[in-house]
Amino acid sequence: MSVAAYCIFCYRQIGTSGPATKTHLPWNDISNGMCLFISLLYKLDSMESFKKHIFFLGRLCRTFQRTCILLYVLIYIEEISTPCKKKSFYSTNRSVTVKMLINNNFGFICFLVKEQFSTFDGEDHECALWLLLKRSQSEDKEVRLQAVQDLANNSHWHDYQYCTVAQTCDQRTAIGLARSKDIDLRFFLPPPPLPKIKNDYPIEDELRLLLVSLPQTGLDPCVQYFTSLALRESSQTLAAQRGGLWCFGGNGLPYCETLSKIPSETVELFCLQALVQHSKVSSHCDKIEAKGGLQLLQRIYQLRKDSAKIQRNIIRIIGNMALDERLHSSIVRAGWVSVLAEVMKSPHVIQSSHASRALANLDRDTVKEKYPDGVYVLHPQYRSSQPIRADILFVHGLLGAAFKTWRQQDIDQRLDKKASEGEEDYSQCWPKTWLASDCPALRIISVEYDTHLSDWKAKCPVEAHRKSIAYRSNELLDKLRAAGIGDRPLVWVSHSMGGLLVKKMLVDASKNPEMDKIVNNTRGIIFYSVPHHGSQLAEYSINARYLLFPSVEVKELSKDSPALKELNDDFLSFAKDKKFSVLSFAETLPTHIGSMIKLHVVPLESAKLGIGDLIPVDVNHLNICKPKKKDAFLYQRTLKFIQDVLAQEI
Numbered sequence: 035m036s037v038a039a040y041c042i043f044c045y046r047q048i049g050t051s052g053p054a055t056k057t058h059l060p061w062n063d064i065s066n067g068m069c070l071f072i073s074l075l076y077k078l079d080s081m082e083s084f085k086k087h088i089f090f091l092g093r094l095c096r097t098f099q100r101t102c103i104l105l106y107v108l109i110y111i112e113e114i115s116t117p118c119k120k121k122s123f124y125s126t127n128r129s130v131t132v133k134m135l136i137n138n139n140f141g142f143i144c145f146l147v148k149e150q151f152s153t154f155d156g157e158d159h160e161c162a163l164w165l166l167l168k169r170s171q172s173e174d175k176e177v178r179l180q181a182v183q184d185l186a187n188n189s190h191w192h193d194y195q196y197c198t199v200a201q202t203c204d205q206r207t208a209i210g211l212a213r214s215k216d217i218d219l220r221f222f223l224p225p226p227p228l229p230k231i232k233n234d235y236p237i238e239d240e241l242r243l244l245l246v247s248l249p250q251t252g253l254d255p256c257v258q259y260f261t262s263l264a265l266r267e268s269s270q271t272l273a274a275q276r277g278g279l280w281c282f283g284g285n286g287l288p289y290c291e292t293l294s295k296i297p298s299e300t301v302e303l304f305c306l307q308a309l310v311q312h313s314k315v316s317s318h319c320d321k322i323e324a325k326g327g328l329q330l331l332q333r334i335y336q337l338r339k340d341s342a343k344i345q346r347n348i349i350r351i352i353g354n355m356a357l358d359e360r361l362h363s364s365i366v367r368a369g370w371v372s373v374l375a376e377v378m379k380s381p382h383v384i385q386s387s388h389a390s391r392a393l394a395n396l397d398r399d400t401v402k403e404k405y406p407d408g409v410y411v412l413h414p415q416y417r418s419s420q421p422i423r424a425d426i427l428f429v430h431g432l433l434g435a436a437f438k439t440w441r442q443q444d445i446d447q448r449l450d451k452k453a454s455e456g457e458e459d460y461s462q463c464w465p466k467t468w469l470a471s472d473c474p475a476l477r478i479i480s481v482e483y484d485t486h487l488s489d490w491k492a493k494c495p496v497e498a499h500r501k502s503i504a505y506r507s508n509e510l511l512d513k514l515r516a517a518g519i520g521d522r523p524l525v526w527v528s529h530s531m532g533g534l535l536v537k538k539m540l541v542d543a544s545k546n547p548e549m550d551k552i553v554n555n556t557r558g559i560i561f562y563s564v565p566h567h568g569s570q571l572a573e574y575s576i577n578a579r580y581l582l583f584p585s586v587e588v589k590e591l592s593k594d595s596p597a598l599k600e601l602n603d604d605f606l607s608f609a610k611d612k613k614f615s616v617l618s619f620a621e622t623l624p625t626h627i628g629s630m631i632k633l634h635v636v637p638l639e640s641a642k643l644g645i646g647d648l649i650p651v652d653v654n655h656l657n658i659c660k661p662k663k664k665d666a667f668l669y670q671r672t673l674k675f676i677q678d679v680l681a682q683e684i
């Protein structure tokens, strides 16, 4: 290793060591000690001597300020070496290193000297970076936030200055930069190097060991179920690798084609899904961190660049762990800030929104809310000076999701060539793109929960109970309060069964004093084809093979169900009193379900709530919440309703 490379290595270690010592050290004391060190450094004549004194510098850094000590040294090197350009000092490797370090840190040297000597004549722009870094650690929050914003918005930094920030900024500043829009990724150090793998199948083994190390008794039944499923499948894979297990069937791996070709990615996914369940339990997050889980997840993330699903599950785990502020330092040290900052730039809304949630949970400087599993902020995903005036909450329906339900209507290129020409403007999630641009003062949130038409698949033993509207209501209300829903004026937007869930949540909240804010701050509700009086889907499920085992969700949608009637009556009784503004859309076209069924999922009479406006639209059940384009009636009428009910706020 060259002297230059070695010095850079040591400098990097010093710059990224622990927090700086707060004790004030007089300039004279520092300078006297440094003069001795400089004289030693200047007279070095061998690589071994150079190494010894570099380590001496490391010991000094434990006593003095971490990076400052090296830079004070460089001030004296500059004074000694400048008049002696013809000396042999400039003909050695160490001179190249010293000159480079002086050049790269001249701004900080100016800053330090200006701090000590008011008569120092240095150019302000050379000191700007270090002044901002100092301000980013200010006790004054406004000064701190402005400094981070100025760092992020300056596009004229040099490469070495980005590197300097990456090495010297504190945890809070790094997170703030990661949550800044259009941030330059050079502000972040890459994830730390991971130990080299020593065998052919380390990931599955390590994941299995991590799962085994987590609590196995007294668990939530669903956590226990997913864990046992993952361990069973990973055991099958391990046996196949080591001795010839020929596996067919099972709830997890469908088959293992050969003994030499094992779908390890599938096993990893099962294990990660189990870890997602564990990461919802705070005490289990502590165990995951203590067992090196953050580093293991980092390795899997880097190895599985080709699997968006695996990476998404990993970031979901990080987002859950970030709910616990005690783990923030560990998450940062494991290199996740740079990864999340990069994923935030993803063109795929699902990936970027998972990263946005994780960073929001890490950012305690500007975000007071916490976003539990399944609660995603679509806007604003970055730090912004724009004050938030109100909240919009999107709740999907049967077979929906937090993002795909709210995409722009899919374009049939064969039928609409003109529309397909503008496909690059296609919105994967219109609330995130269209609504955010039209109403920037809104916080837009979308929630996600699992739904199924059929119970063909093996499921968690208590999943049937958890799929009920009553259970989901209690679960989501707790999550929404943690996310600050109810602290601002609120508009609900729901599709299909999601509308029933919204009504149930409002009814439950009206009976709970701790949830009063949610009811009192509700300004309006939008229903897209909500089956207030039941759906034909439940009737078809009796005879249709596709719905041989109809799910709990489908059963609850039975036409003229007593439970639905009771829910509707309860909702109307207090909704009229609260004078909620309500807008309902109803489908008029049938929907294809599978290859055999074509039906009108929510007839016009079932979509009629009894209060507010009802607007029939010539679309099917799936497209009722997917406008064809931004100037389409569906979106424009939705936008007008939101703007009208929140006129005072926005």
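Start counting the sequence shown at 35; every next residue gets the next number (this note's numbering).
The beta carbon of each residue, even a glycine, is placed where N, CA and C say it ideally should be.
Inter-residue Cα distance where the pair is residue i and residue j
i	j	result
A368	E359	15 Å
V401	I631	47 Å
I684	N657	28 Å
H567	A641	7 Å
I348	S317	18 Å
A392	N354	7 Å
S170	Y196	15 Å
K295	F304	Low confidence applies here, because K295 scores a pLDDT of 40, under 50, leaving its location unreliable; read the following figure in that light. If you take the alpha carbons of K295 and F304, they lie about 18 Å apart.
A264	H529	33 Å
A273	E639	With a pLDDT of 48 at A273, under the threshold of 50, the modelled position of this residue cannot be trusted, and the question is left open.
Y405	R515	10 Å
F21	H388	This structure cannot settle anything about residue 21, because the visible part of the chain is limited to 35 through 684.
M378	R477	18 Å
T207	Q415	17 Å
K321	S189	41 Å
L211	V199	10 Å
D611	L668	28 Å
Sub-8 Å separation of residue i and residue j beta-carbons
i	j	result
A436	H430	yes
L643	I519	no
F605	V541	yes
I559	L534	no
I351	S313	yes
A356	I344	no
T625	N654	yes
E240	L328	no
N546	R522	no
F561	S618	yes
V527	V679	no
V635	A620	no
I334	E299	no
A609	I645	yes
E403	A517	yes
Option nearest residue i by Cα separation, candidates the options
i	options	result
S569	K674, Q250, L598 and D550	L598
V536	I552, D521 and N657	I552
K168	F221, W191 and C203	C203
V182	S418, A470, K438 and K613	S418
L309	L514, R242 and W164	R242
A475	R441, Q420 and W464	Q420
L432	R557, M531 and Q442	M531
E482	K438, W464, S189 and W468	K438
H382	A324, T467 and L357	T467
I676	E302, Q311 and P465	P465
Q205	E548, H190 and F221	F221
S461	K664, A394, N602 and Y416	K664
T622	L648, D603 and L601	L648
Cβ separation of residue i and residue j, assumed to be a contact under 8 Å, to the nearest whole Å
i	j	result
K538	S507	4 Å
L219	A342	In fact, because the Cβ distance is near 19 Å, the residues do not count as touching under 8 Å.
P225	S372	6 Å
L396	I209	5 Å
L165	L185	Not confirmed; about 10 Å, so no contact.
Q443	P596	No, Q443 and P596 are not in contact; Cβ-Cβ is about 36 Å, not under 8 Å.
C463	W440	5 Å
Q311	V257	4 Å
L245	T261	6 Å
D512	L179	That pair is no contact at about 30 Å.
At least 3 beta-carbon pairs within less than 8 Å: the stretch 175-182 vs the stretch 330-341: Contact between the stretch 175-182 and the stretch 330-341 is absent, because fewer than three Cβ pairs lie under 8 Å.
So, does the stretch 241-257 touch the stretch 408-423, judging by three or more C-beta pairs under 8 Å? With the rule of 3 Cβ pairs closer than 8 Å, the stretch 241-257 does not count as touching the stretch 408-423.
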